[in-house]
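Undergrad: Dropping a structure here in structure tokens format, bear with me for questions.
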Amino acid sequence: MKTEREGAVAPKIFRSTKFAALLMVSIALVLCACDKDDEDEGSDMKYLEGSPYFELPVYAMTGDILEVTATGVATEGVSYTWTFPGLDSISVSGTGKETIRLRVPDTLRVFEITATASATADYYSAVYSNEVMSVGENSITGVPVPEKTFTDPRDGNVYGIVEIGNLEWFARNLNWKGAGHGYGKTEAGAYVFGRLYTWNDATGGKSASGLGNGVQGVCPEGWSIPTSDDWTDLAKAVNGGKDVTFLEDWKGIAGKLMANAKFNGVQVWSYSPQVDITNEYGWSALAAGSSYNNYNNYNNVLSYGFWWSCTERDSNYAHYKYMFSEYPNVPTAFAAKDGMGASVRCVRLKK
166 MKTEREGAVA PKIFRSTKFA ALLMVSIALV LCACDKDDED EGSDMKYLEG SPYFELPVYA
226 MTGDILEVTA TGVATEGVSY TWTFPGLDSI SVSGTGKETI RLRVPDTLRV FEITATASAT
286 ADYYSAVYSN EVMSVGENSI TGVPVPEKTF TDPRDGNVYG IVEIGNLEWF ARNLNWKGAG
346 HGYGKTEAGA YVFGRLYTWN DATGGKSASG LGNGVQGVCP EGWSIPTSDD WTDLAKAVNG
406 GKDVTFLEDW KGIAGKLMAN AKFNGVQVWS YSPQVDITNE YGWSALAAGS SYNNYNNYNN
466 VLSYGFWWSC TERDSNYAHY KYMFSEYPNV PTAFAAKDGM GASVRCVRLK K
């Protein structure tokens, strides 16, 4: 009598037939794969000469018109197809439709633009994408507005004023167009973070010391670039009246000066358990980043903030104070006077 298990065993002839069928299928698949490889190797498809590329500003104001031109492909007869979700197309021009004009809408976010380069059917297409972030009136949130203000007569920019220690300070970074550049060499970057200036551009190449005795430089009349003594006065006031020197690593002071702000919904200072952001004095520091290579390169935005002192270190270098999103202290460093671009806060003695 057969058991249930024995009854489930397939006859030998069936197993042999099944194995043979599987073997034939495997051989057929291998042959197909070989034929496909041979077909690919003999394909007439070619690659474009070069790769598509186009530049975009890192930031653009809402309502701005962007003119974007794709370059980099030398193949004759190349044409471009553009995709730009969320942006408004104004026109496309050029023999290969390589230039497109777009309007930045009121939506505050990152927009991606893609160009696909194609030639004849004998060529593979190539794709390149880049991004731009829109900037508008409500891009920065979480920054308190001081009751006291100052209007720069040169351009009408309005700055909140806070009194700390023996001085009055601008409550945001200077944005005077007479020198320097906004982050990414954009006016939208300047609108959000103020401008970045080399030390020579900020001070006119002049050094000074003493409380409230800085050089005017790029500041409005009656205001000055803070000296090392001005910075020390700020630190003492924020440090509960305890003396600290300019060159010290101001321990635990960063969070008292940082603004708990957001840029288009993203934290300006990324979260760190080491830094307690209180902005209790209304100084409202933002992580505005820096520039180098004669304003042609930019980095550190949303991570670092840098501010000049008009007191030089020596004939070649000048000091600055800086903050980092993950560090509770405010160190001092130095850079070449015509090298790094940093932010400027203007000060004056209390009236």
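The opening residue of the sequence shown carries number 166 in my numbering; numbering runs sequentially from there.
No residue lacks a Cβ here, since even glycine has one placed at the ideal position from N, Cα and C.
(1) Using 8 Å as the threshold, is the C-beta distance between V512 and L332 below it?
(2) Check this for me: beta carbons of H346 and R360, under 8 Å apart or not?
(3) Which residues share a DSSP beta bridge with D253?
(4) Distance, Cα to Cα, Y469 vs K350?
(5) Shorter than 7 Å, the distance from the beta carbon of G307 to the closest heavy atom of the ligand HEM, or not?
(6) Find the nearest neighbour of A235 within the set S299, T279, A355, W388, judged by alpha-carbon distance.
(7) Are the CB atoms of R274 and I230 within a distance shorter than 8 Å?
(8) Is the CB-CB distance between A500 and Y362 below 8 Å?
(9) Out of F358, S304, D395, which one is the CA nearest neighbour of T410?
(10) Nearest to V123 by CA position, among A426, Y436, V292, A402, is which residue?
(11) Spell out the partners DSSP gives I326 in its beta bridges.
(12) I need the DSSP call for R216, collapsed to helix, strand or coil.
(13) Looking only at its chain, what residues have a beta carbon closer than 6 Å to the beta carbon of D503, apart from the 5 residues adjacent to it on each side?
(14) Which term fits K516, buried or exposed, when burial requires 16 or more other beta carbons within 10 angstroms of its beta carbon?
(15) Along the chain, where does the beta strand (DSSP E) containing F499 start, and where does it finish?
(16) Indicate the three-state DSSP secondary structure (helix, strand or coil) for W247 in the structure shown.
(17) V433 and A419 - do their beta-carbons sit closer together than 8 Å?
(18) Less than 8 Å between the C-beta atoms of D398 and L412, yes or no?
TA: This is what the structure holds:
(1) Along the sequence shown, one-based indexing puts residue 512 at 347. Along the sequence shown, one-based indexing puts residue 332 at 167. Less than 8 Å divides the Cβ of V512 from the Cβ of L332.
(2) Here residue 346 corresponds to residue number 181 of the sequence shown, with the count starting at 1. Here residue 360 corresponds to residue number 195 of the sequence shown, with the count starting at 1. Between H346 and R360, the gap from beta carbon to beta carbon is short of 8 Å.
(3) On the sequence shown, residue 253 is found 88 positions in, with the first residue counted as 1. Under DSSP, D253 shares a beta bridge with R268.
(4) Translated into positions along the sequence shown, residue 469 becomes position 304. Translated into positions along the sequence shown, residue 350 becomes position 185. In a straight line, the C-alpha of Y469 is about 18 Å away from that of K350.
(5) Absent from the structure shown: the ligand HEM. Ligands present: none.
(6) Start at 1 with the first residue of the sequence shown, and residue 235 comes out as number 70. Checked all of S299, T279, A355, W388; the closest Cα to A235 is T279.
(7) Stepping through the sequence shown from its first residue, residue 230 is reached at position 65. Stepping through the sequence shown from its first residue, residue 274 is reached at position 109. Between I230 and R274, the C-beta gap is not smaller than 8 Å, which leaves the two residues out of contact.
(8) Mapped onto the sequence shown, residue 500 falls at position 335. Mapped onto the sequence shown, residue 362 falls at position 197. Not in contact: A500 and Y362 (Cβ atoms no closer than 8 Å).
(9) Position 245 of the sequence shown, counted from the start, is the residue given in the question as residue 410. Residue D395 is the option with its Cα nearest to T410.
(10) No information on residue 123 is available, as it lies outside the stretch 166 to 516 that the chain covers here.
(11) Here residue 326 refers to the residue found at position 161 of the sequence shown. Per DSSP, F335.
(12) Translated into the one-based positions of the sequence shown, residue 216 becomes position 51. Sequence inspection shows Ser at residue 216; the Arg mentioned does not correspond to that position. Strand.
(13) Along the sequence shown, one-based indexing puts residue 503 at 338. T363, N365, listed in sequence order.
(14) Here residue 516 refers to the residue found at position 351 when the sequence shown is read from its first residue. Under this definition K516 is an exposed residue.
(15) Position 334 of the sequence shown holds residue 499. Element bounds for F499: 497 to 501.
(16) The residue you call residue 247 lines up with position 82 of the sequence shown. W247 falls in the strand class under three-state DSSP.
(17) Start at 1 with the first residue of the sequence shown, and residue 419 comes out as number 254. Start at 1 with the first residue of the sequence shown, and residue 433 comes out as number 268. Between A419 and V433, the C-beta spacing is not below 8 Å.
(18) The residue labelled residue 398 in the question sits at position 233 within the sequence shown. The residue labelled residue 412 in the question sits at position 247 within the sequence shown. In this structure, L412 does not lie closer than 8 Å to D398 by Cβ.
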